[in-house]
Amino acid sequence: MSRWRLFWLTLLMGVGCVAQALELTPQEQAGKRLYREGLASGDAQVSARVGAADILVPASVVPCASCHGADGTGRPEGGVRPPALNWQRLTRGAGEHRVNGRQYPAYTEASLARVIQEGRDPAGNVLDPAMPRFVLSMADQRNLTAYLKRLAEDRDPGVEERQLRIGTLLPQSGPLAGAARVVGAVLQGSIERINQQGGIHGRQLQLTVVDPGPDRTSAEQALKRLIEQERVFALLSPLAPALGTALPPMLERSGVPMIGALSLPAASVQSRLIFEPLPGVREQLLSLADYAAERLGVKEQSALILYSGAEQAALADVLQQGLHQEGWRALRREAYEARQPLTDGVQSVFFLGDGAGLARLTESLLSAGQTPYLFAASSQVAGEVANVPAQWSQRLFLAYPFVPGDWTEEGRAALAEVRKNQGLGGQQTLLQVTAYCSLQLLVEGLKRAGRDASREKLLAALEGVYGFDTGLTPPLSFGPGRRQGLSRAHVVGVELPGPRFHPQ
Ligand code: HEC
């Protein structure tokens with residue numbers, strides 16, 4: 016017990032010392048908005064002329080950041096490269112500058128305004144039409160210039176000279192407290208390992224933990240605190256299902272990336288900011304459905320999705336859509352607690368609920384003399400599988416995001432070290448591995464993003480992760496629009512009594 020108390024105390028101590036953030040003046044902030052979103056203060060319309068034909072479009076369609084990057088380092092995207100917009104570089108020295116084959120003396124405020132509005136550099140060279148010509152009021156131009164002077168030092172929140180702050184939400188009490196301790200221990204243990212090895216690009220990772228409290232309101236406040244007061248760079252493996260659908264828009268509003276498991280089915284969350292290392296329950300059940308169709312040949316026969324509770328109802332919806340897309344036609348869904356489900360003639364049951372529910376279901380099926388194939392996510396029911404009657408031997412199939420065969424020597428050793436340092440056993444392995452992989456993914460993304468870290472760079476770096484070996488799971492891959500590292504899970508047949516598990 017004392018170990019855990021110490022753990023929470025040391026974590027919470029970090030919370031008080033919020034580092035000084037770079038404060039922008041109102042003028043610089045207005046310039047930042049123009050730079051990032053193409054909007055003037057008071058939401059007045061700003062326009063830009065684009066292309067050789069000088070077509071007039073709202074600047075919000077072509078904000079500076081979309082080409083020069085939110086951090087001003089320039090995004091090469093075929094054709095002419097948008098140069099880095101670093102005030103020092105632009106205005107430095109008396110000599111000639113060379114960019115994209117143009118040669119010009121240092122910029123001044125006046126010549127900078129001219130290049131942005133008319134597309135001519137200080138030497139009078141006409142810029143490539145890839146750079147729009149912006150129609151700016153004097154106030155817009157002043158704001159923009161003020162911000163361009165600060166752009167290079169306007170780091171994202173959480174990035175300090177020697178430290179990088181990440182945050183998580185872990186409840187200290189309530190039904191998830193035990194799981195939260197496991198997640199917290201794995202994150203803390205892994206972070207210590209990384210910091211001992213010198214951190215990432217010279218920065219030590221610092222984890223800030225906030226308790227999401229009992230309900231949605233308290234969880235929203237906790238997340239708000241992490242973002243606005245603690246100013247964390249990214250959110251890692253939060254355990255706050257009460258946030259529900261509020262999570263993505265809250266992250267969206269402040270551009271905070273998150274790596275970790277979602278409590279919602281990923282199919283109903285469309286956020287470019289959220290990266291999930293392991294497949295969710297929906298993907299696990301779809302993997303079972305693939306198996307049922309291909310290996311058991313039951314796709315054309317009657318199938319039933321059984322679920323309990325409002326949370327599972329949402330999951331049942333997305334699962335039903337997914338199965339429908341894959342050609343399951345004789346499919347119904349039913350809540351199974353209200354009354355005895357209609358299972359006559361049903362060949363396959365996709366079960367969404369907990370282990371106790373599964374035990375009750377098998378009992379009632381058995382008394383009706385039915386033994387349809389049963390499919391469930393291991394994370395939901397694994398604890399009770401031993402109590403499933405022997406009639407379901409080789410007729411019960413569970414999905415697992417990873418199996419022991421995925422564990423390499425290194426992966427096993429790394430997790431063992433974290434477990435040993437944190438006094439963790441093998442309990443809640445799925446949670447441990449999810450937290451461990453989330454952190455590994457963050458570290459990989461940060462390494463790739465470089466010393467000049469920004470949230471946008473992290474997102475781009477994560478998107479480029481392909482075939483990433485965690486040592487504990489199949490290789491993870493992401494991509495544009497792909498936010499789950501693994502789209503499918505392992506199917507494992509259960510032999511009863513026992514149980515004995517047979518990866519298929
Ligand atoms: C659609 C892409 C795009 C957008 C949007 C865009 N730029 Fe550019 N910008 C470029 C390209 C490409 C160049 C290089 C053109 C060349 O060298 O001929 C450039 C050049 C510049 C230069 C000249 C730098 C130098 O070294 O001479 C400045 C300054 C600049 N942009 C500022 C801005 C600002 C400020 C905004 C927003 C108000 C903006 N740009 C929006 C693509 C863009």
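Residue numbers (this note's numbering): 16 to 519. Glycine is no exception: its CB is placed at the ideal position from the N, C-alpha and C atoms. Since the structure is predicted, the reported quantities are computational estimates derived from the model, not experimental observations.
Self-check item: DSSP three-state assignment for ARG148, whether helix, strand or coil
Solution: Residue mapping note: residue 148 aligns to position 133 of the sequence shown, counting from 1. Look at ARG148 here: in three-state DSSP terms it is strand.
Practice problem: For GLY370, collect the residues of the same chain with a Cβ closer than 6 angstroms to its Cβ; drop the 5 residues on either side in sequence, then sort them by chain order. | Solution: Locating residue 370 in the sequence shown gives position 355, where the first residue counts as 1. If we look at GLY370 and ignore the five residues flanking it on each side, its Cβ neighbours are VAL396, GLY398 and GLU399.
Quiz item: ASP359: buried (16+ other C-beta within 10 angstroms of its C-beta) or exposed?
Solution: Sequence index remark: in the sequence shown, residue 359 carries index 344 (1-based). Exposed, by the Cβ-count rule.
Quiz prompt | Backbone CA spacing between PRO514 and LEU357 [nearest angstrom] | solution = Looking up residue 514 in the sequence shown gives position 499. Looking up residue 357 in the sequence shown gives position 342. Approximately 28 angstroms, taken between the alpha carbons.
Quiz item: Between ASP143 and the ligand HEC, is the CB less than 7 angstroms from at least one heavy atom?
Solution: On the sequence shown, position 128 is the one that residue 143 refers to. Yes, the beta carbon of ASP143 sits closer than 7 angstroms to at least one heavy atom of the ligand HEC.
Quiz item: In three-state terms, what does DSSP make of LEU461?
Solution: Reading the sequence shown from its first residue, position 446 is the one you call residue 461. Looking at LEU461 - three-state DSSP - the assignment turns out to be helix.
Practice problem: Would you kindly work out how many angstroms separate the C-alpha atoms of ALA36 and ALA307, rounded to a whole number? | Solution: Along the sequence shown, read from residue 1 onward, the residue named residue 36 stands at position 21. Along the sequence shown, read from residue 1 onward, the residue named residue 307 stands at position 292. Because the pLDDT of ALA36 is 46, which lies under 50, any placement of that residue in the model is unreliable, and the question is left without a value.
Quiz item: Regarding MET146 and the ligand HEC, is the C-beta to nearest heavy atom distance less than 7 angstroms?
Solution: As a first step, residue 146 must be located in the sequence shown, where it is residue number 131. Yes - the ligand HEC has a heavy atom lying nearer than 7 angstroms to the Cβ of MET146.
Exercise. Report the option in GLY53, GLY213 and LEU258 whose CA atom is closest to the CA atom of ALA234.
Key: Here residue 234 refers to the residue found at position 219 of the sequence shown. The shortest Cα separation from ALA234 among GLY53, GLY213 and LEU258 belongs to LEU258.
Exercise. Identify every residue that forms a DSSP beta bridge with LEU367.
Key: Position 352 of the sequence shown holds residue 367. Looking at the DSSP assignment, LEU367 forms a beta bridge with TYR322.
Quiz item: Under a three-way DSSP split, which group does SER408 fall into?
Solution: Numbered from 1 along the sequence shown, position 393 holds the residue referred to as residue 408. Of the three classes helix, strand and coil, the one that applies to SER408 here is coil, per DSSP.
Practice problem: Run the proximity test for ASN158: is its beta-carbon closer than 7 angstroms to any non-hydrogen atom belonging to the ligand HEC? | Solution: Working through the sequence shown from its first residue, we reach residue 158 at position 143. No, since every heavy atom of the ligand HEC falls outside the 7 angstroms radius drawn around the Cβ of ASN158.
Self-check item: Secondary structure of ALA36, DSSP reduced to three states
Solution: As a first step, residue 36 must be located in the sequence shown, where it is residue number 21. Reliability of the predicted coordinates at ALA36 is poor, the pLDDT of 46 falling under 50, and the value obtained from them is presented with this limitation in mind. ALA36: coil per DSSP, three-state reduction.
Practice problem: Determine the closest residue to LEU71 out of TYR119, ARG148, GLY53 and GLY94, with distance taken between C-alpha atoms. | Solution: In the sequence shown, the residue the question calls residue 71 occupies position 56. The option with the nearest alpha carbon to LEU71 is ARG148.
Self-check item: Separation of GLN44 from ASN158, as counted between CA atoms
Solution: Position 143 of the sequence shown, counted from the first residue, corresponds to residue 158. Position 29 of the sequence shown, counted from the first residue, corresponds to residue 44. Just so you know, the alpha carbons of ASN158 and GLN44 end up roughly 8 angstroms apart.
Quiz prompt | Cβ neighbours of ASN436 in the same chain (closer than 6 angstroms, five flanking residues each side left out) | solution = The count along the sequence shown starts at 1 and reaches residue 436 at position 421. Around ASN436: GLY204.
Practice problem: Ignore the nearest five residues each way along the sequence and tell me which others in GLU378's own chain have a CB closer than 6 angstroms to its CB. | Solution: Walking along the sequence shown from the start, residue 378 turns up at place 363. Here GLU378 has no same chain residue with a Cβ atom under 6 angstroms from its own Cβ, once five neighbours each way along the sequence are excluded.
Quiz item: Would you report the Cα separation of ILE209 and HIS339, rounded to the nearest angstrom?
Solution: Numbered from its first residue, the sequence shown carries residue 209 at position 194. Numbered from its first residue, the sequence shown carries residue 339 at position 324. Between ILE209 and HIS339, the C-alpha separation is close to 45 angstroms.
Exercise. Would you please state the rounded distance, in angstroms, between the beta carbons of THR223 and VAL247? I believe it to be under 8 angstroms.
Key: Taking the sequence shown and counting its residues from 1, the one referred to as residue 223 is at position 208. Taking the sequence shown and counting its residues from 1, the one referred to as residue 247 is at position 232. With 8 angstroms as the limit, THR223 and VAL247 qualify as a contact, their Cβ atoms being about 6 angstroms apart.
Quiz item: Curious, which full-length alpha helix (DSSP H) runs of at least 4 residues does the segment 377-453 contain?
Solution: 393-396 and 424-437
Self-check item: Straight-line Cα distance separating GLN219 from THR423
Solution: The residue labelled residue 423 in the question sits at position 408 within the sequence shown. The residue labelled residue 219 in the question sits at position 204 within the sequence shown. Each residue's alpha carbon lies about 27 angstroms from the other.
Quiz item: Do PRO518 and GLY507 come within 8 angstroms of each other at the CB atom, strictly closer than that value?
Solution: Locating residue 507 in the sequence shown gives position 492, counting from the first residue. Locating residue 518 in the sequence shown gives position 503, counting from the first residue. Looking at the sequence shown, residue 507 is not Gly but Val. Yes, Cβ-Cβ distance for VAL507 and PRO518 is below 8 angstroms.
Self-check item: Residue range of the unbroken beta strand (DSSP E) whose run includes LEU100
Solution: Residue mapping note: residue 100 aligns to position 85 of the sequence shown, counting from 1. For LEU100, no beta strand (DSSP E) segment is defined, and its DSSP state is neither H nor E.
Quiz prompt | Euclidean distance between Cα positions of GLY189 and LEU254 | solution = Your numbering for residue 189 matches position 174 in the sequence shown. Your numbering for residue 254 matches position 239 in the sequence shown. Their backbone Cα atoms lie some 12 angstroms apart in a straight line.
Quiz item: Could you give the uninterrupted runs of the beta strand (DSSP E) lying entirely in the segment 210-239, keeping only those of 3 residues or more?
Solution: 219-225
Quiz prompt | Local conformation of VAL284 per DSSP, three classes | solution = If you number the sequence shown from 1, residue 284 lands on position 269. In this structure, VAL284 counts as coil in the three-state DSSP scheme.
Quiz item: Which runs of the beta strand (DSSP E) spanning at least 3 residues fall entirely within the segment 33-95, listed in chain order?
Solution: 62-65 and 70-73
Practice problem: Could you tell me whether the Cβ atoms of ALA374 and VAL403 are closer together than 8 angstroms? | Solution: The count along the sequence shown starts at 1 and reaches residue 374 at position 359. The count along the sequence shown starts at 1 and reaches residue 403 at position 388. Contact flag set, yes.
Quiz item: Are the CB atoms of PRO419 and PRO294 nearer to each other than 8 angstroms?
Solution: Position 404 of the sequence shown, counted from the start, is the residue given in the question as residue 419. Position 279 of the sequence shown, counted from the start, is the residue given in the question as residue 294. For PRO419 and PRO294, no; Cβs fall outside 8 angstroms.
Self-check item: One or two residues paired with ALA249 in a DSSP bridge
Solution: For the purposes of this step, residue 249 is taken as the residue at position 234 of the sequence shown. ILE181, per the DSSP bridge assignment.
Quiz item: Is the segment 113-126 touching the segment 134-150, taking contact as three or more C-beta pairs under 8 angstroms?
Solution: Judged by pairs of C-beta atoms under 8 angstroms, the segment 113-126 touches the segment 134-150, as three or more such pairs exist.
Self-check item: Exposure label - LYS472; buried when at least 16 CB within 10 Å
Solution: To locate residue 472, count along the sequence shown from 1; it is residue 457. So LYS472 ends up on the buried side.
Quiz item: Less than 8 angstroms separating the beta-carbons of GLY342 and SER453?
Solution: The count along the sequence shown starts at 1 and reaches residue 342 at position 327. The count along the sequence shown starts at 1 and reaches residue 453 at position 438. It is not a contact, given that the beta carbons lie outside the stated cut-off.
Quiz item: Residues in its own chain within less than 6 angstroms of TYR481 by CB, not counting five upstream and five downstream?
Solution: Start at 1 with the first residue of the sequence shown, and residue 481 comes out as number 466. If we look at TYR481 and ignore the five residues flanking it on each side, its Cβ neighbours are SER492.
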